[in-house]
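Notes follow the structure.
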Amino acid sequence: FSQTTSIMSTQETLPLPSPPFFSVPNINNLRDAAVPLSTPHGPLRPGILFRSAEVSKLDRSGWDAVHSIGVAHVFDLRSKPEVEKGLASIVAKVDGGEDVRLGWMQAMEAAGVQRTWVPVFAEKDYSPEKLAERYVKYMDRSVAGFMAAYRDILRSGGDAYRTIFLHLASLPPAESSKTEEGNGADKLGALIHCTAGKDRTGVFFGILFDFLGVPREEIADEYNLTELGLASVREDVVARLLQSPGFQKYMLSLTSGKQLSKGEMAKLVENRDVQDGPAVEFPPEVREEGRQAALRMVGARKESMLATLEMVDREFGGSENYMREVCGLNDEDLEKLRRALVVKK
Numbered sequence: 194f195s196q197t198t199s200i201m202s203t204q205e206t207l208p209l210p211s212p213p214f215f216s217v218p219n220i221n222n223l224r225d226a227a228v229p230l231s232t233p234h235g236p237l238r239p240g241i242l243f244r245s246a247e248v249s250k251l252d253r254s255g256w257d258a259v260h261s262i263g264v265a266h267v268f269d270l271r272s273k274p275e276v277e278k279g280l281a282s283i284v285a286k287v288d289g290g291e292d293v294r295l296g297w298m299q300a301m302e303a304a305g306v307q308r309t310w311v312p313v314f315a316e317k318d319y320s321p322e323k324l325a326e327r328y329v330k331y332m333d334r335s336v337a338g339f340m341a342a343y344r345d346i347l348r349s350g351g352d353a354y355r356t357i358f359l360h361l362a363s364l365p366p367a368e369s370s371k372t373e374e375g376n377g378a379d380k381l382g383a384l385i386h387c388t389a390g391k392d393r394t395g396v397f398f399g400i401l402f403d404f405l406g407v408p409r410e411e412i413a414d415e416y417n418l419t420e421l422g423l424a425s426v427r428e429d430v431v432a433r434l435l436q437s438p439g440f441q442k443y444m445l446s447l448t449s450g451k452q453l454s455k456g457e458m459a460k461l462v463e464n465r466d467v468q469d470g471p472a473v474e475f476p477p478e479v480r481e482e483g484r485q486a487a488l489r490m491v492g493a494r495k496e497s498m499l500a501t502l503e504m505v506d507r508e509f510g511g512s513e514n515y516m517r518e519v520c521g522l523n524d525e526d527l528e529k530l531r532r533a534l535v536v537k538k
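Here the sequence shown is numbered in our numbering, starting from 194 and rising by one per residue.
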């Protein structure tokens, strides 16, 4: 999921359960994804597998807080247009050079956190037509829509996921690092994120957890936690979508039965449209259908993850085979992953 509306909290909500969530200002959906998951061989190692929504609103104190919970390395799955949205925070060019860093990147580095940019989708995949194809899938009433969108992520994300898998495989074995949660211990955690921390990030963790042997119901429960993690922004995002000219056109199409073009669907989510007439009053049932479509876009239903893992079995030969064939991992890589991430009983 990606759009111009920042995934930032603007309304008061009840505190999130901790664990697995962490409360850090200006970042949403931040949690240790391994808590409290387990495998037949032992529990997953805490303090290593973090996930969140986008991180570009964090200042130095925010990055210090993120580092203090154990994050040493950030893996950013967003595409170039998403990373470049925060133009207001770009630091002025130095000595006329072209290599400028965003302000949040400087704060991150100052806090001792490294970043690797691993975009799932190429910049060309952010054309209006490509965007439209994805967003139509996310708005589908059936679970088949999310499954199709996640199939696209799996096909495009092999190289990005490979980089993260190899980093995790390079960590010391779980049994040799009993004190990683202590304040004085070396920080080893990896924070994987996209824009909302739910789709590209969710597919990554779905594959990894399935490979490690976490029961699929538990994987789906962990994925579903994103609905809690984004609760503070959900109504704002939905309200803005419903007020946008693009969504107005979508609801008009529901009334008239005339399907929107791909370009119009892309504008719907990207907010690239401008109001070209007076706002339209819709019947309650049409507005509710529009609201449900918007909620589906920001949702993380358990059924979506379960259906995706079944699709991985059918079309990729299972999670391990996906990691071998699409991500290019070998026997040694996979064994190192298990040793690094599972605390043996």
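Even glycine gets a Cβ: it sits at the ideal position worked out from N, Cα and C.
What residues are listed by DSSP as bridge partners for residue i?
i	result
T232	G235
R244	R224 and I385
H266	Q307 and A383
F214	R224
V535	L237
Considering only the beta carbon of each residue, do residue i and residue j sit closer than 8 angstroms?
i	j	result
R224	V536	no
E316	K273	yes
F358	L530	yes
S512	V336	no
V264	L384	yes
Y443	G483	yes
I346	D392	yes
N417	R494	yes
L527	A487	no
V228	H260	no
G406	P233	yes
L502	G399	yes
V248	V267	yes
N219	A246	no
H360	L270	no
W256	A304	yes
S349	F397	no
I241	G382	yes
A367	L534	yes
If you follow the alpha helix (DSSP H) that residue i is part of, which residue opens it and which one closes it?
i	result
R348	V336 to S349
G511	Unbroken run through G511: none, as it is neither H nor E.
G255	R253 to S261
V276	K273 to V276
Chain D beta carbons: is any one of them nearer than 8 angstroms to that of residue i?
i	result
R507	Going by chain labels, chain D is absent from the structure shown, which holds only one protein chain.
(message) Pairs of beta-carbons, one from the stretch 508-528 and one from the stretch 410-430, closer than 8 angstroms: are there three or more?
(response) no
(request) Mind listing, in chain order, the continuous alpha helix (DSSP H) runs of no fewer than 4 residues lying wholly within the stretch 473-497? (result) 477-490
(request) Please determine if the stretch 348-356 and the stretch 231-246 are in contact, where contact requires at least 3 C-beta pairs separated by less than 8 angstroms. (result) no
(request) Write down every uninterrupted run of the alpha helix (DSSP H) in the stretch 385-425 whose length is 4 residues or greater and which is fully enclosed by it, in chain order. (result) 393-405 and 409-422
(message) Assess contact between the stretch 429-448 and the stretch 477-490, defined as three or more Cβ pairs (one per stretch) separated by less than 8 angstroms. Is contact present?
(response) yes
(request) Evaluate contact between the stretch 407-421 and the stretch 513-530, counting only Cβ atoms and requiring at least three cross-stretch pairs below 8 angstroms. (result) no
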